[in-house]
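Student: So the sequence shown is numbered by this note's numbering: it starts at 1 and just counts up by one. For each residue, glycine too, the CB sits at the ideal point set by N, CA and C.
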Amino acid sequence: MADYEIAAVSTELRQEVQEMINAKTKPLGSLGQIENLALNMALSQNTAEPGARTTLLLCAGDHGIVEEGVSAWPSEVTAQMVLNFLSGGAAANVFARSAGAEIKIIDAGVSSPLPDDKRLLRAGIRAGTRNMLKEDAMTAEEVDAALSFGGKCAAEAVANGADVIALGEMGIGNTSSAALLAHIVTGATLENLVGAGAGLDTAGVVKKIEVLKACRARKPKKLNPLEAMAAFGGLEIAVMAGAVIGAAASHATVLVDGYIATAAALMAVKARPECRPYLVFAHESFESGHVDMLSHLDADALLDLDLRLGEGTGALLAAPLMKVAAAMLAEMATFESAGVTDSGA
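#1: Between the Cα of residue 238 and the Cα atoms of 119, 192, 177, 254, which residue gives the shortest distance?
#2: Pull up the distance between the alpha-carbon of residue 159 and that of residue 249, whole angstroms please.
#3: Starting from residue 280 and walking both ways along the alpha helix (DSSP H), at which residues does that stretch end?
#4: Smallest Cα separation from residue 107: which of 54, 269, 98, 118?
#5: Name the DSSP beta bridge partners of residue 109, please?
#6: In this structure, does DSSP put residue 284 in helix, strand or coil?
#7: For residue 189, does the three-state DSSP call read helix, strand or coil?
#8: Excluding the 5 residues preceding and the 5 following residue 77 in the sequence, name in chain order all residues of the same chain whose CB lies nearer than 8 angstroms to its CB.
#9: Take residue 304 and list the residues in its own chain whose beta-carbon comes closer than 8 angstroms to its own, dropping the five residues that flank it on each side.
#10: Roughly how many angstroms separate the alpha carbons of residue 208 and residue 227, rounded to a whole number?
#11: Tell me which same chain residues have a C-beta within less than 6 angstroms of the C-beta of residue 257, skipping the five on either side of it?
#12: Considering Cα atoms alone, identify which of 334, 331, 217, 163 is closest to residue 101.
#13: Counting along the chain, where does the alpha helix (DSSP H) carrying residue 218 start and finish?
#14: Note down, one range per segment and in chain order, each alpha helix (DSSP H) of at least 4 residues found wholly within the stretch 117-148.
#15: Along the chain, where does the beta strand (DSSP E) that runs through residue 332 open and close?
#16: Note the first and the last residue of the continuous alpha helix (DSSP H) segment covering residue 223.
#17: Using alpha carbons as the reference points, say which of 45, 185, 16, 26 lies closest to residue 269.
#18: Go ahead and label residue 93 buried or exposed: buried means 16 or more other beta carbons lie within 10 angstroms of its beta carbon, across all protein chains shown.
#19: Which residue's Cα is closest to the Cα of residue 266: 111, 224, 317?
#20: Extract the residue ranges of the beta strand (DSSP E) inside the stretch 148-181, only unbroken runs of 3 or more that lie entirely within it.
#21: Nearest-angstrom Cα distance between residue 245 and residue 253?
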């Protein structure tokens, strides 16, 4: 992904937009995170008039580690949910329709067969990752292909009119991959990072931690981002990481969903730190350890609704806030235009 050039955000534009926000008819800072969001959108899109047209890249992939009993659900559910996305019946579809967002459904590496459908973007790399307890989940070439595919999907969405690239996922077993990646990057313990996922009981969580510790013991050395994704990553996570980089290179705002999407963002930022200013974090997941990831990224999430579904649902719930922030910049009167006396503070 080194061929994607990511521009530093403009210092001059930062000052211009901050002055615009401060001149609005309100006390300084009184719109809180909406002001920060508007500034972030302007800087990432490199314009004082940012847009909020949102495309969700909904990336699906399977994980070989499911063979070890780390999930309450079987792998075939991933493909079944992709069919649900295509038929428009999932939470992500409902939220996207409400928010006016577009969804691009991506088969990053689903292990079960899926029917031909022109709405399904296929990475065509492999059908699910290998069992990372026994061997690396992916080869370096497969990681590179997934990153490149994600970057291409994001760049094409921006070229087709998206201002905001939202990240969502579906993949039975992907909390295991995300936990290991976060453990490697943040140094947080697996005990802190591993939660119930999609419904494990207490005994299941204990077993999951033991399995993931054994995975890490198989490859205990320090790993760079590409090595970590090859050893323990997921195809959908790598595609999302590539999408972060591709979107940033295209001057789009990246709206990151929850636990899994944040793990992808962690890998992207670790590999390409210059993409960090392009990221907005939609919500703080109920899943254990998400707060550790956000803290490592020095990120404040927009929402806290006890969400733990994935699919980009948290990002879609935050999408209307993007519209509000852009509208505030474009439409809200200034003290001068409204003839309102400024406090002078």
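Tutor: If we stick to the structure as given:
#1: Position 238 of the sequence shown holds residue 238. Closest by alpha carbon: 177.
#2: Stepping through the sequence shown from its first residue, residue 159 is reached at position 159. Stepping through the sequence shown from its first residue, residue 249 is reached at position 249. The straight-line gap from Cα to Cα measures roughly 12 angstroms.
#3: By 1-based counting over the sequence shown, the position of residue 280 is 280. No alpha helix (DSSP H) contains residue 280, which is instead part of the beta strand (DSSP E) from 279-281.
#4: For this step, residue 107 is matched to residue 107 along the sequence shown. With distances taken between Cα atoms, residue 107 lies closest to 118.
#5: As a working mapping, residue 109 is identified with position 109 in the sequence shown. DSSP lists 61 as partners of residue 109.
#6: Residue numbering aside, residue 284 sits at position 284 when the sequence shown is read from its first letter. Looking at residue 284 - three-state DSSP - the assignment turns out to be coil, as it is neither helix nor strand.
#7: In the sequence shown, residue 189 corresponds to position 189, counting from 1. Assignment of residue 189 by DSSP, reduced to helix, strand and coil, places it in the coil class.
#8: In the sequence shown, the residue the question calls residue 77 occupies position 77. Correct list, in chain order: 172.
#9: For the purposes of this step, residue 304 is taken as residue 304 along the sequence shown, with counting starting at 1. Close CB contacts of residue 304 within its chain, under the 8 angstroms cut and outside five residues either way in sequence, are with 283, 284 (chain order).
#10: To locate residue 208, count along the sequence shown from 1; it is residue 208. To locate residue 227, count along the sequence shown from 1; it is residue 227. The straight-line gap from Cα to Cα measures roughly 22 angstroms.
#11: Position 257 of the sequence shown, counting from 1, holds the residue named residue 257. For residue 257, where only same-chain residues beyond five positions count, the Cβ hits under 6 angstroms are 167, 168, 282, 312, 314, 315.
#12: What you label residue 101 is simply residue 101 of the sequence shown in a count that begins at 1. Of the candidates 334, 331, 217, 163, the one whose C-alpha sits nearest the C-alpha of residue 101 is 163.
#13: For the purposes of this step, residue 218 is identified with residue 218 of the sequence shown, where counting begins at 1. Unbroken alpha helix (DSSP H) run through residue 218: 202-218.
#14: DSSP runs (the alpha helix (DSSP H)) wholly in the stretch 117-148: none.
#15: Mapped onto the sequence shown, residue 332 falls at position 332. Here residue 332 belongs to no beta strand (DSSP E), and DSSP marks it neither H nor E.
#16: In the sequence shown, the residue the question calls residue 223 occupies position 223. Where residue 223 is concerned, there is no enclosing alpha helix (DSSP H), given that its DSSP letter is neither H nor E.
#17: Here residue 269 is taken as the residue at index 269 of the sequence shown, counted from 1. Nearest neighbour of residue 269 by Cα position, chosen from 45, 185, 16, 26, turns out to be 185.
#18: For the purposes of this step, residue 93 is taken as the residue at position 93 of the sequence shown. Residue 93 is buried by the Cβ-count criterion.
#19: One-based indexing of the sequence shown puts residue 266 at position 266. For the set 111, 224, 317, the Cα lying nearest the Cα of residue 266 is the one of 224.
#20: Counting only runs of 3+ residues, the beta strand (DSSP E) found wholly inside the stretch 148-181 occupies 164-170, in chain order.
#21: Taking the sequence shown and counting its residues from 1, one reaches residue 245 at position 245. Taking the sequence shown and counting its residues from 1, one reaches residue 253 at position 253. Distance between the alpha carbons of residue 245 and residue 253 is about 11 angstroms.
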